[in-house]
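The numbering used here numbers the first residue of the sequence shown as 126 and each following residue consecutively. Ideal Cβ placement from N, Cα and C applies to all residues, glycine included. As the structure is a computational prediction, the values presented were derived from the model and not from experiment.
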Amino acid sequence: MRLHRLKITNYARLQDLEIEIRKHLVVVGANDVGKTSLLRLLNLTLSATFGQLYQTLSRTDLRNTEHPLSVEAVLVDFSETEVRLFHREIDIDPVTAERSLTIRLNVTPADDDPDAVVIERVLTGTADRRAPTREQLSALGWRYLPATRGAGSAQLDGPNSALRLLLDSIDMGTEKADLTGLLGDFNEKLHTSERLTELRDKIAAHLARSMPRRIVSDDLAVRTSADPAASVLQSVSMFFQQGEQYVPITEQSDGLRQLMALTLFDLAENNANIIAVDEPELHLHPASQRTVAELFAGASNQKILCTHSPYILQRFEPEQVLVVSPDSSVHQVDKDKLDAIGKLRSQWWSPRLLEALTARYVIAVEGVADRIIVEAAARALGIGLDRLGVVVFELDGANKFTHVYKMLGKDGFGVHVLGLVDEKETGIFTGAIGGSSKLLMGTQVWASCEDLEDEYCRALTGSTMARLLVEAGVCKMEDILKSAGVASESELTAPAVATYCRKGKNKTDAATAVAAAMTREIAEKITSVAGILAKAEELAGA
């Protein structure tokens, strides 16, 4: 069984949504846009008891407190056992003969109490709309690992841990008798040990003074906590061998403990139908994030993940990604656009681009030099790009914008993209976005006149820019004079120095020199950059 469709209406933390879940679902977006709220609502719908529902949900969860909150989850692909258990509730499409099971959660404002709600959860396939039984809820096979999970001793090898569940599920077969015998012999050796007998004598003597009955050493035993007659694995744990020592998994680094917790959880819940994990990347190195993502993506059961990690996102297909925007609306690529996005996957489905899916806004620039200038200008203007959730993405050429916008823009994942481009390349950007060029310029696209080198050289003046390059060790003054065809520094014009700056590797070196000397005054004079940064700040409501 797996989730196939999800519909949510009137939820306070998300805009209304209706999505298809295509094998797995990876939910991405900036902080505080509603990703975790989506998982929590699914968790309540598919596994919570009625007591937990009433304890967790209230009128504050209703966007419009006069209307009900509704969650509708549709499940498909049933095993024979599941078909028998839900035989009254499964719907069969009269045309396609496909089977589906719909569970609906309604949270309705109470008529007689301004603060109370009435909660109903039903399986809609029945004429009487019955609530799911405890057995049916369990059979849905939903498991949830929140971001607030721990990786301490109790979570890793405690009595309710995934490791304990795995150990308890092992059938030792004929080996159990051998291990039982070894434990029995070990306990017998402990009981007959002279040193331990002396210890039991001392303890018994002290106990006898304060107890109403006589206590002797044979009333006490020193033995393993595992009962050989019950479970020979009762008190065992897992260790890492480091040299000649065995170190418990509970004493490893934060990252390794988190990796162990995720691995053990996934293995222990192998029979679960749907496993939801919030922020699986917690404390993990990028290489480990990729490993975990491959483990999840290749599993036979369904995974529902919320993540900020481009390394995890990269291991899943574009069709499995859901982006939550800053306004809490959601976007997934339409079915009829998937082929076009799929053709771009090999080149563009990379951590560099996927970081943009976790941002609130993206500023697309032509290359590295442009990114350096934009980021430096933002610092000089006191605009915190990270604070605003803005990613500056370098295209490696204006012609690449068409492909990037196809993936990120309105026909892709719905990310708000702003573009900074050289004046002569403006048509590439406006054409990719679509619509009136006049309306797009200054609202979504900004053109550097003629290019960014021209703009910052005009802002600094030709001679000042030349001295800046020399002081930064980019070149010698003679090189610039020769390139400009003039004899003295005073004759250097901004266009002539800009021509020198845009030659080959000079482009990045010059941008780095300007960035180091950037001030608010200079940044404000680079009008295209100042304009696009002001728009980003406006969009973020800063």
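Check, Outcome
"Validate contact between the region 624–640 and the region 459–479 using beta carbons, cut 8 Å, 3 pairs", "no"
"Nearest-angstrom beta carbon gap, Phe518 and Ile553 [assumed within contact, 8 Å]", "No, Ile553 and Phe518 are not in contact; Cβ-Cβ is about 15 Å, not under 8 Å."
"Neighbour-count burial assignment, Asp379, 16 or more Cβ in a 10 Å radius", "exposed"
"Reduced DSSP secondary structure (H/G/I, E/B, other) of His541", "strand"
"beta-carbon Arg339 near the ligand MG non-hydrogen atom, thresh 7 Å", "Within the structure as shown, the ligand MG is missing, as the structure has no ligands at all."
"Backbone CA spacing between Thr190 and Thr134 [nearest angstrom]", "12 Å"
"Buried versus exposed call for Arg165 [16 or more other C-beta atoms within 10 Å across all chains shown]", "buried"
"Lys132 - DSSP class collapsed to helix/strand/coil", "strand"
"Option in Ala329, Asp536 and Ala557 with minimal Cα separation from Gly544", "Ala557"
"Distance between Ser561 and Glu662 (C-alpha atoms, nearest Å)", "24 Å"
"Three-pair Cβ contact test at 8 Å for the region 169–185 versus the region 146–161", "no"
"Nearest residue (CA-CA) to Glu596, options Val199, Pro620, Ala641 and Met566", "Ala641"
"Opposing strand residues paired with Cys431 [DSSP bridges]", "Val152 and Asp403"
"Span separating the alpha-carbon of Ala272 from that of Asp403", "5 Å"
"Under the three-state DSSP convention, the category Thr233 falls into", "strand"
"Per-residue DSSP class, three states only, for Thr305", "helix"
"As assigned by DSSP and simplified to three states, the class of Val417", "helix"
"Closest by C-alpha distance to Gly567, when choosing among Val487, Arg188, Arg512 and Leu658", "Leu658"
"Pro373: first and last residue of the uninterrupted beta strand (DSSP E) it sits in", "Gln370 to Pro373"
"Arg246 versus Val208, Leu291 and Pro193, residue with shortest Cα-Cα distance", "Pro193"
"Closest Cα partner of Ala591 within the set Leu564, Leu520 and Asp634", "Asp634"
"Among Asp604, Ile651 and Lys460, nearest to Lys628 - alpha-carbon criterion", "Asp604"
"For Thr227, the residue or residues it bridges with in DSSP", "Val199"
"Within 8 Å, strictly: CB atoms of Ser615 and Ser588", "yes"
"Coil, strand or helix - Ala484 by DSSP", "coil"
"Cα-Cα separation between Leu332 and Leu324, rounded to whole angstroms", "12 Å"
"Beta-carbon proximity of Ala465 to Lys531, cut-off 8 Å", "yes"
"Residue range of the beta strand (DSSP E) that includes Leu248", "Val242 to Leu248"
"Element boundaries [beta strand (DSSP E), containing Leu142]", "Leu142 to Glu145"
"Close Cβ partners of Ala481 (< 7 Å) along its chain, the five nearest in sequence each way excluded", "Val487, Val516, Phe518, Leu533 and Val540"
"Residues bridged to Met566 (per DSSP)", "Val570"
"Thr644 classed as buried or exposed, judged by whether at least 16 other C-beta atoms fall within 10 angstroms", "exposed"
"Check whether Arg268 and Glu376 have beta carbons under 8 Å apart", "no"
"Status (buried if at least 16 other CB within 10 Å, exposed otherwise) for Met336", "exposed"
"Nearest-angstrom Cα separation, counted from Asp344 out to Glu313", "15 Å"
"Selection from Leu565, Val490, Gly509 and Gly507 that minimises the alpha carbon distance to Asp547", "Val490"
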